[in-house]
Ligand code: ARG
């Protein structure tokens with residue numbers, strides 16, 4: 005009757021909906037290479053442990069190799085009927101080699117399988133992230149070397165504070181990325197631990213050889229607790245946290261580039277490919293790439309929060325919630341790689357406008373501190389020197405002159421200690437080169453920092 009018919013139709017639609025709702029193959033198929041790699045190692049271990057015959061092992065490996073080729077050439081047909089990447093590959097394996105295909109999953113569960121795949125995938129991706137990060141660091145160092153003597157204003161509160169060099173500013177960026185590189189290396193240590201063998205949650209009754217599988221897959225260690233192995237996603241959170249810090253740094257660079265390319269600052273030129281030229285306003289170019297990178301930072305930090313919230317209430321051990329770890333993680337990887345690449349490509353083409361930078365550094369009494377230091381060198385107490393400088397700055401302000409433009413007679417009226425040698429201190433070059441110690445802005449120190457950075461990079 006009519007009622008029965010519509011309820012059957014409804015339940016069919018619902019089934020289809022739930023099938024799609026619970027599937028992950030649309031996004032986890034990107035781990036296919038790692039899934040196959042893990043399965044080949046697992047089959048090899050099963051054979052070594054006499055759980056599979058050599059013939060079964062070889063049949064499985066050749067089936068998996070064929071599947072890898074099918075995937076590479078785009079011939080593999082993914083189906084949400086098989087839910088995820090693991091089941092799609094296993095179903096195809098059985099289709100290809102028959103009953104032996106069904107033996108592959110002995111002593112294993114999708115729970116430890118997926119945890120292993122993500123770690124393998126992330127390990128591969130971090131390799132690429134590391135090399136993009138290195139490329140960016142080298143680009144920054146090269147540019148810093150080129151402009152180690154170029155004077156620019158240094159800011160506090162976005163107000164001109166003291167003269168620095170462009171190279172010094174860039175090397176500050178390098179330092180941020182150096183810590184990021186270390187953070188990535190550190191979290192890699194915890195990623196490179198193999199959960200396989202934990203099975204569903206409690207381990208397996210087969211005589212598996214976990215160390216062998218780990219060795220085959222290049223893992224440094226096997227995980228210590230089966231419950232933790234299948235439910236831990238800290239490693240993904242740590243990676244995303246590190247990615248968020250890197251993005252935060254790129255966002256800060258972006259903010260500076262946006263300011264520096266504005267008509268108001270006009271400090272640098274960015275290469276045209278990274279800008280958007282308004283067609284009705286040929287003179288105006290928008291810094292699209294830095295702005296997008298700045299915008300994407302929120303997205304990655306959002307993924308970090310997603311993963312933290314995903315995990316916060318999960319009881320041990322595996323829960324289906326964990327399927328939700330992939331999209332934030334994958335998008336973090338993609339976004340980070342793209343942004344690092346954009347920066348590594350863009351930095352070498354940055355052109356500082358040296359005259360503009362120099363003139364900007366002459367504003368805002370950038371050498372006021374140098375005058376105070378000068379007086380201290382002549383024997384005055386720092387606080388007193390500070391007061392005298394205040395008077396000199398006031399005079400400069402009221403007569404619209406920089407400190408270096410005030411005559412010696414006028415300066416001596418403020419403080420008789422002052423001599424003609426004061427102008428060395430008041431010059432931008434003198435100010436910059438006097439900050440000559442580790443971490444200082446003197447060109448000599450910038451070059452030393454660059455040399456050290458190159459050595460650091462060549463070390464690992
Ligand atoms: N697609 C699943 C995930 O991403 C694989 C693990 C499923 N395990 C299970 N027992 N349902 O987490």
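In full-length UniProt numbering, the protein residues as written are 5 to 464. No residue lacks a Cβ here, since even glycine has one placed at the ideal position from N, Cα and C.
- When secondary structure is reduced to three states using DSSP, residue 199 falls in the coil class, being assigned neither helix nor strand.
- Counting of Cβ neighbours within 10 angstroms places residue 114 among the buried residues, the total reaching 16 or more.
- Counting only the Cα atoms, residue 69 lies some 42 Å from residue 458.
- At least one heavy atom of the ligand ARG sits closer than 7 Å to the Cβ of residue 118.
- Remark: C-beta atoms of residue 41 and residue 221 approach each other more closely than 8 Å.
- Straight across, the Cα-Cα distance linking residue 257 with residue 336 is about 19 Å.
- Between the stretch 193-209 and the stretch 112-127, the count of C-beta pairs closer than 8 Å reaches three or more; the two stretches touch.
- Residue 155 is bridged by DSSP to 169.
- DSSP places residue 70 within a helical segment (H, G or I) once states are collapsed to three.
- CA-to-CA, the gap between residue 133 and residue 259 works out to about 22 Å.
- Residue 266 has its Cβ no nearer than 7 Å to any heavy atom of the ligand ARG.
- Residue 109 sits in coil when the DSSP states are folded into three classes, being neither helix nor strand.
- The beta carbon of residue 428 sits closer than 6 Å to the beta carbons of 434 from its chain, once the five residues preceding and following it are set aside; these are given in chain order.
- The C-beta distance from residue 452 to residue 136 rounds to 27 Å, too long to fall under 8 Å, and the pair is not in contact.
- Under the Cβ criterion (8 Å, minimum of three pairs), the stretch 107-123 does not count as touching the stretch 311-319.
- Distances taken from the Cβ of residue 34 to the heavy atoms of the ligand ARG include none shorter than 7 Å.
- The Cβ atoms of residue 244 and residue 307 sit closer than 8 Å to each other.
- Within the stretch 318-381, complete alpha helix (DSSP H) segments of at least 4 residues are found at 330-350, 358-365, 372-381, given in chain order.
- A distance below 8 Å separates the beta carbons of residue 450 and residue 169.
- In this structure, DSSP gives residue 134 a helical state, which the three-state scheme calls helix.
- For the set 318, 322, 333, the Cα lying nearest the Cα of residue 303 is the one of 333.
- In this structure, residue 38 sits away from residue 82, with a CB-CB distance that is not shorter than 8 Å.
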